[in-house]
Amino acid sequence: MEIFVITRLYSGFENSLSKLIWKPEGVPAIYKLIEKLDKNSNLNLFLMAKDSGKTYTSNWKTKTDQKLKIAGLKNKVNILAGINFFKGTLPKKIAMVARDLRHLLKILYLIKKKKPKLIYCDSSNVVIAYFVSKFFPKIPIVLRVLGVCSFLRSLPTSKRIVHKIYKKAFKAKFAAVIGTQDGSGVEYWFEKVLDKKIERFTILNGVDAGSIKNNLKNKYTMLRKSSINEKIILFVGRLEEYKGINTFLNAVLKLLIVNTKPCKVLIVGDGSLFNEVKNKIDQSKFKKNFILLKNIPHKNILQLHLLSDIYVSTNRDGNLSNANLEAISSNDCMVIPFPNIKEKIDIKTSSLLKDSVIYYENESIDDLESKLQFLLLNPKHITKMKKQIKKIKTRFLKTWDQRIKEELEILKNCETNNK
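Quick note on numbering that gives the first Met the number 0: the sequence shown kicks off at 0 and runs consecutively.
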């Protein structure tokens with residue numbers, strides 16, 4: 000089957016693509032689907048460079064579109080350049096509009112030329128998907144929403160022009176819309192923005208079976224050996240404001256001041272706040288208590304969960320993220336925010352996890368520090384929480400193979416129903 004997959008050039012793909020070897024560092028919901036489609040269909044993959052913004056960092060500076068042969072993938076990968084295509088001749092905001100228009104025109108041309116049987120598009124390219132649905136109404140389009148970020152959450156009520164454009168685009172006649180059940184309340188958001196007749200699916204991401212096996216790499220076991228008498232507190236995620244990295248960092252710095260029990264803090268991730276986080280750690284009295292890692296392959300991050308004693312998530316937009324599901328799979332003692340009832344965030348999270356995790360008041364540095372202090376002073380409670388999550392996870396966790404199979408079945412049905 001000829002299929003077009005159109006997604007953002009995710010920052011977790013950039014390092015892999017620059018080395019021409021397929022070893023993505025994030026977004027498994029996308030890269031694992033790409034791998035299956037690449038193996039079983041004639042995949043036309045288009046990665047659209049979106050450039051850096053307030054909550055997104057891109058290091059892809061190539062000024063021309065690329066068609067690359069990547070080791071590990073059968074089909075070539077198309078990368079459409081961002082604003083660097085215009086070589087600095089336009090102001091940034093105008094260049095961003097020109098970029099999106101250029102991307103749209105190129106995609107429309109290629110669809111007309113190749114006539115795909117199905118188009119799969121992520122929500123960052125929903126405007127492109129909208130116009131494709133108008134020009135090629137007979138080709139089924141599946142829209143993929145990877146959770147509800149603050150930008151998407153503002154669409155239903157915002158009067159800004161850009162938000163109105165996106166809101167209109169989400170009303171397109173898609174064959175189906177698939178949302179990630181990441182705790183962000185995507186199922187409630189769908190009711191506000193999608194056409195009522197559009198079929199929609201909300202699915203929880205999977206976990207790698209290997210994350211359960213106690214099979215640690217030597218370089219990571221050394222972290223454990225060097226901290227033999229210390230508890231390890233783990234944070235995994237993009238170092239961005241919406242992920243709550245500053246709440247976490249301020250809480251653990253406060254903890255280290257008052258704490259009488261030794262501990263290490265392991266932060267794994269990259270993002271626009273990486274240098275700010277590093278500088279704050281370096282300028283503190285506790286630099287030796289921190290280990291800061293970035294650009295870690297996804298499969299290696301799974302191993303770090305097995306080394307750690309306490310896992311903390313400060314995500315404001317939902318806490319069934321990939322990193323958190325891996326923490327659940329690894330039987331971590333987890334500390335996460337209470338549900339945000341007003342914004343419908345983490346309603347599903349709390350219904351699944353119940354009392355198998357420790358909750359703290361969202362964005363409260365004091366409450367997070369207090370909960371961490373309690374766990375360090377009561378190590379038996381850490382063990383208790385690990386046992387509780389080990390038991391409850393069997394009710395809802397799936398492997399990635401099961402999860403991707405579920406999504407492929409949706410795509411197959413969309414293509415079949417269009418015949």
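C-beta atoms are modelled at their ideal positions from N, C-alpha and C, and glycine is treated no differently.
The model shown is predicted, which means the values in this text are computed figures rather than measured ones.
- Contact between the region 181–191 and the region 339–347 is present: three or more C-beta pairs spanning the two stretches fall below 8 angstroms.
- When C-alpha distances from L301 are compared across Q401, F234 and D354, the shortest belongs to F234.
- Comparing alpha-carbon positions, the option among I364, K385, S350 and N288 lying closest to Y310 turns out to be K385.
- Judged by beta-carbon spacing, L67 lies within the 8 angstroms limit of I78, meaning their Cβ atoms are closer than that value.
- About 6 angstroms separates the CB atoms of I388 and I327; that is less than 8 angstroms, so the two are in contact.
- As DSSP reads the structure, A70 sits in a beta bridge with I20.
- Assigned with DSSP and collapsed to three states, V185 falls in helix.
- By the C-beta criterion, the region 160–174 is judged to be in contact with the region 128–146, since at least 3 inter-stretch pairs fall below 8 angstroms.
- Counted as a single uninterrupted DSSP element, the beta strand (DSSP E) harbouring V334 occupies residues C332 to P336.
- DSSP places R199 in the strand class (E or B) of the three-state scheme.
- In the same chain as D181, and ignoring 5 residues on each side of it, the C-beta atoms closer than 6 angstroms to its own belong to G146, G317, L319 and S320, in chain order.
- In this model, F3 and I202 are separated by some 22 angstroms (Cα to Cα).
- Between the alpha carbons of P378 and K298 lies a gap of roughly 28 angstroms.
- Taking C-beta atoms under 8 angstroms as the contact rule, G205 and Q401 qualify, at a distance of about 6 angstroms.
- With a cutoff of 8 angstroms on beta-carbon distance, T313 and G243 are scored as near each other.
- The continuous beta strand (DSSP E) containing L291 extends over residues F289 to L292.
- Annotation for E360: no beta strand (DSSP E) segment contains it, and DSSP assigns it neither H nor E.
- Partner residues in a beta bridge of D365, as assigned by DSSP, do not exist.
- Per the coordinates, the alpha-carbon of L375 lies some 7 angstroms from the alpha-carbon of K230.
- DSSP places A175 within a strand segment (E or B) once states are collapsed to three.
- C-alpha of L407 to C-alpha of E34: approximately 12 angstroms in a straight line.
- Approximately 16 angstroms separates the beta-carbon atoms of A168 and Y119; this is outside 8 angstroms, ruling out the contact.
- Counting the other Cβ atoms within 10 Å of the Cβ of D308 gives 16 or more, which makes it buried.
- Under the DSSP assignment, F3 falls in the beta strand (DSSP E) whose first and last residues are E1 to R7.
- Ranked by Cα distance from N74, the first of E1, N41, D331 and Q65 is N41.
- Below 8 angstroms, enough C-beta pairs join the region 1–19 and the region 121–128 to call them touching: three or more.
- For L272 against E240, the beta-carbon gap comes to about 7 angstroms, under 8 angstroms, which counts as contact.
- With fewer than 16 other Cβ atoms from the protein chains shown falling within 10 Å of its own Cβ, P90 counts as exposed.
- Boundaries of the beta strand (DSSP E) harbouring R143: I140 to V144, taken from the DSSP string.
- Short of 6 angstroms from the beta carbon of V76, and not among the five residues preceding or following it, lie these beta carbons of its own chain, in chain order: L44, L67 and I69.
- For D121, the enclosing beta strand (DSSP E) begins and ends at L117 to D121.
- Within the DSSP secondary-structure output, I309 pairs in a beta bridge with I232 and C332.
- The residue from L117, M333, R98 and S369 with its alpha-carbon nearest to that of D354 is M333.
- If only complete runs of 3 or more residues are kept, the region 252–284 shows the beta strand (DSSP E) at 262–267, in order along the chain.
- Pairing D50 with M95 gives a Cβ-Cβ distance under 8 angstroms.
- For I381, no pairing in a beta bridge is given by DSSP.
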